[in-house]
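Asker: In our numbering, the protein residues as written are 10 to 51.
Dropping a structure here in structure tokens format, bear with me for questions.
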């Protein structure tokens, strides 16, 4: 997500999710949020 050549919309289309779901797990700069860490067990 920190790479500006890939848009959030394109990434979400590729993953088959909505932007709100992506941002639940990953912050705008690509850092894992608490929910993301829980999912990955980090």
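Cβ coordinates follow ideal geometry from the N, Cα and C atoms, glycine included.
Just so you know, these numbers come straight off a predicted model, no measurement behind them.
Closer than 7 Å: is that where the CB of residue 17 sits relative to any heavy atom of the ligand SAH?
Answerer: This structure lacks the ligand SAH, and indeed carries no ligand of any kind.
Asker: What is the rounded straight-line gap between the Cα of residue 45 and the Cα of residue 26?
Answerer: 15 Å
Asker: Ordered along the chain, which non-local residues of its own chain (more than five positions away) have a Cβ less than 7 Å from that of residue 21?
Answerer: 27, 28, 31
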